[in-house]
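In this note's numbering, the protein residues as written are 5 to 119.
The block underneath contains the structure these notes are about, expressed in structure tokens.
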């Protein structure tokens, strides 16, 4: 898991650590979690809404993204920064309302298989 540019193993301790400064937003369907995001307002120097999305498909990613935009406005943030699976990058890059010069950072992670 990624939170605030740090990688965490998926564990209860990691979730507790993330929960110290972030709120979790969960979307469910048929009693199963289909998406999760965690987010918080960060001062850099103005308020920036920072979020991470984990989802089972494009529709869930877009739903979490839209909800986080609403939350950023409610929290009076002037910017947003989101982390999500790279396979959805093309969808966001096609958006006409996100300037191309805003696609400046990428994060590469190597997955570790848990046994």
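Glycine included, C-beta positions come from ideal geometry on N, C-alpha and C.
Original post:
Since residue 86 contacts residue 55 with CB under 8 Å, what's their CB separation in whole angstroms?
Top reply: Along the chain shown, read from residue 1 onward, the residue named residue 86 stands at position 82. Along the chain shown, read from residue 1 onward, the residue named residue 55 stands at position 51. At roughly 5 Å, the Cβ-Cβ gap stays under 8 Å, so residue 86 and residue 55 are in contact.
**OP:** Consult DSSP for residue 88 and reduce its assignment to one of helix, strand or coil.
**Re:** Start at 1 with the first residue of the chain shown, and residue 88 comes out as number 84. Coil.
Original post:
Given that a residue counts as buried once 16 or more other Cβ atoms are within 10 Å of its Cβ, and exposed if not, what is residue 62?
Top reply: Working through the chain shown from its first residue, we reach residue 62 at position 58. The residue is exposed, with fewer than 16 neighbouring Cβ atoms inside 10 Å.
Subject >> Those runs of the alpha helix (DSSP H) which lie wholly inside the segment 64-88 and span at least 4 residues >> reply: none
Subject >> Reference residue 46, options 7, 64, 18 and 67, closest by Cα >> reply: Within the chain shown, residue 46 is the residue found at index 42, counting from 1. For residue 46, the nearest C-alpha among the options comes from 7.
Original post:
Quick one: what's got a C-beta closer than 6 Å to residue 25's C-beta in the same chain, skipping five residues either side?
Top reply: By one-based count along the chain shown, residue 25 stands at place 21. These residues qualify, in order along the chain: 44.
**OP:** Would you mind giving the Cβ-Cβ distance between residue 59 and residue 39, rounded to the nearest angstrom? I have them listed as a contact below 8 Å.
**Re:** Taking the first residue of the chain shown as position 1, residue 59 is located at position 55. Taking the first residue of the chain shown as position 1, residue 39 is located at position 35. Contact holds; Cβ gap of about 4 Å.
Original post:
Excluding sequence positions up to five away, which residues of its chain have a Cβ less than 7 Å from the Cβ of residue 71?
Top reply: For the purposes of this step, residue 71 is taken as residue 67 along the chain shown, with counting starting at 1. Excluding residues within five positions, the ones whose Cβ falls inside 7 Å are 29.
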